[in-house]
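Asker: Residue numbers (the working numbering), protein chains in the order written: chain V, 1 to 148; chain A, 1 to 156. Just so it is clear, CB atoms sit at the ideal spot from N, CA and C, and this is done for glycine as well. Model, not experiment: these values are computed from the prediction.
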Amino acid sequence: MELRSALIESVKEIFTSFSFPVNFYEEREKIQLLSTEQVNILIGFNNALKGNIVFGMSNTTALQVVSNMMGGMKIAELDLVAKSGLGELANMITGTTFGRIQTFGLIDITPPTLAIGSNMFLSISRTKSYQLVFQTNLTDLIVSFGLE
Amino acid sequence: MKSEKFEYMCKCMIDSFLKIAKEMADLKFNLNNNLDPVFNIKKTAIIVGIVGANPGRIQLETNETMSQTIAEKMNGETLNNPLEVYFSLAEFANIFSGNGLTVINNQFPGSQLRLTPPSIFVGESLELTTPNIEHAKSVLFDGEDLLRIDIGFKGE
Numbered sequence: 001m002e003l004r005s006a007l008i009e010s011v012k013e014i015f016t017s018f019s020f021p022v023n024f025y026e027e028r029e030k031i032q033l034l035s036t037e038q039v040n041i042l043i044g045f046n047n048a049l050k051g052n053i054v055f056g057m058s059n060t061t062a063l064q065v066v067s068n069m070m071g072g073m074k075i076a077e078l079d080l081v082a083k084s085g086l087g088e089l090a091n092m093i094t095g096t097t098f099g100r101i102q103t104f105g106l107i108d109i110t111p112p113t114l115a116i117g118s119n120m121f122l123s124i125s126r127t128k129s130y131q132l133v134f135q136t137n138l139t140d141l142i143v144s145f146g147l148e
Numbered sequence: 001m002k003s004e005k006f007e008y009m010c011k012c013m014i015d016s017f018l019k020i021a022k023e024m025a026d027l028k029f030n031l032n033n034n035l036d037p038v039f040n041i042k043k044t045a046i047i048v049g050i051v052g053a054n055p056g057r058i059q060l061e062t063n064e065t066m067s068q069t070i071a072e073k074m075n076g077e078t079l080n081n082p083l084e085v086y087f088s089l090a091e092f093a094n095i096f097s098g099n100g101l102t103v104i105n106n107q108f109p110g111s112q113l114r115l116t117p118p119s120i121f122v123g124e125s126l127e128l129t130t131p132n133i134e135h136a137k138s139v140l141f142d143g144e145d146l147l148r149i150d151i152g153f154k155g156e
């Protein structure tokens, strides 16, 4: 399976496992600078494949996802525990994705980094990046990836 | 991770930053952790990931003025396109991180550290967090402006 399909499958599987269904509905091919969401989780990778993946979502969606991950506990703000949960979510999705694709070696991933702000732009590749857009019950989930 | 090793790795990165800033942009920075960088509303952050036995990341945080200064000094010309500024800054971060990593890998051959491509984040009230890693923030001052480098690693 190639990266794009594996990523779509893994995002759906992991989010659904936390009772947060998502539906893939659009792919955007972007050059260089992308506008993105308030909450972004970055994971880089190297060795058999080299690049970056960013999971972008609104604050509302992030709070709901963390709440679901914690069994429905009310989450009022993205504190360190909540951020750790989101980082783990990104780890799970990325790990599952790389388990699905065929490569000629191992792929090592970086620890997840959260970038939270407003009016955010990001660039994860000097060449081309792709955005996979998922519909949720709240706001869209945007998964950006770029390969070198 | 033993504190001596972590401190050595951070020192390698800061030394590399100082060396590359001088060589590539003719900028002389001084380490001054007593200063607190006040970023204007818009902040630029470059994140270079690290994989290997001690995965982590190098974070370079600057304001618009400092980003512009580094990029223009590197290129030796005025840059009017913000994208060129961001990419130059990302290249700068990639070079000093790679340089620092080479020194660390030579000292700890088992680490086999490698970089991931730099990511650029630009935003208002931008806040960066990497949970569950050991990290150290350093503030650097060029006489006019400040920037911050946050170095983080995990593992033994």
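1. Within this structure, are the beta carbons of alanine 25/A and lysine 73/A separated by less than 7 Å?
2. Applying a beta-carbon distance threshold of less than 9 Å, which residues of chain A neighbour methionine 120/V?
3. Would you kindly work out how many angstroms separate the C-alpha atoms of serine 58/V and leucine 114/V, rounded to a whole number?
4. Just to make sure I have the definition right: I need the residues of chain V whose C-beta is within less than 8 Å of the C-beta of asparagine 132/A. Which are they?
5. Just to confirm before moving on: does the CB-CB distance between methionine 1/A and glycine 100/A stay below 7 Å?
6. Could you tell me the boundaries of the alpha helix (DSSP H) in which threonine 129/A lies?
7. Thinking proline 112/V and isoleucine 41/V are a contact (beta carbons under 8 Å), I'd like their distance in whole angstroms, please.
8. With 7 Å set as the bound, which would you pick, yes or no: does the beta-carbon of aspartate 140/V sit closer than that to a beta-carbon of chain A?
9. Could you check what DSSP says for leucine 3/V in three-state terms: helix, strand or coil?
10. For valine 66/V and phenylalanine 121/V, I'd like the C-alpha separation in whole angstroms.
11. Please report the straight-line C-alpha distance between asparagine 32/A and glutamate 144/A, rounded to a whole angstrom.
12. Within 6 Å: the Cβ of methionine 13/A and any heavy atom of the ligand SAM?
13. So, with DSSP's three-state summary, where would you put leucine 138/V?
14. Are the segment 75-84 of chain V and the segment 47-54 of chain V touching by the rule of at least three beta carbon pairs closer than 8 Å?
15. Between serine 118/V and glutamine 38/V, which are expected to be in contact by the criterion C-beta below 8 Å, what is the C-beta distance as a whole number of angstroms?
16. Going straight from the alpha carbon of alanine 45/A to that of glutamate 134/A, what length do you get?
Answerer: Answer, in terms of the structure:
1. Yes, the pair counts as a contact, with Cβ atoms nearer than the cut-off.
2. Simply Phe121, Val122, Gly123, Glu124, Leu126.
3. 13 Å
4. Ordered by position in chain V, the residues that pass the 8 Å Cβ test against asparagine 132/A are Ser84, Gly87, Pro111.
5. Cβ atoms of methionine 1/A and glycine 100/A: not closer than 7 Å.
6. Here threonine 129/A belongs to no alpha helix (DSSP H); instead the beta strand (DSSP E) covers 119-129.
7. 5 Å
8. No - not a single Cβ of chain A is within 7 Å of the one on aspartate 140/V.
9. DSSP places leucine 3/V in helix when its eight states are reduced to three.
10. 24 Å
11. 13 Å
12. Because no ligand of any kind appears in the structure shown, any question about the ligand SAM cannot be addressed here.
13. In the three-state reduction of the DSSP assignment, leucine 138/V falls in the coil class.
14. no
15. 6 Å
16. Distance between the alpha carbons of alanine 45/A and glutamate 134/A is about 19 Å.
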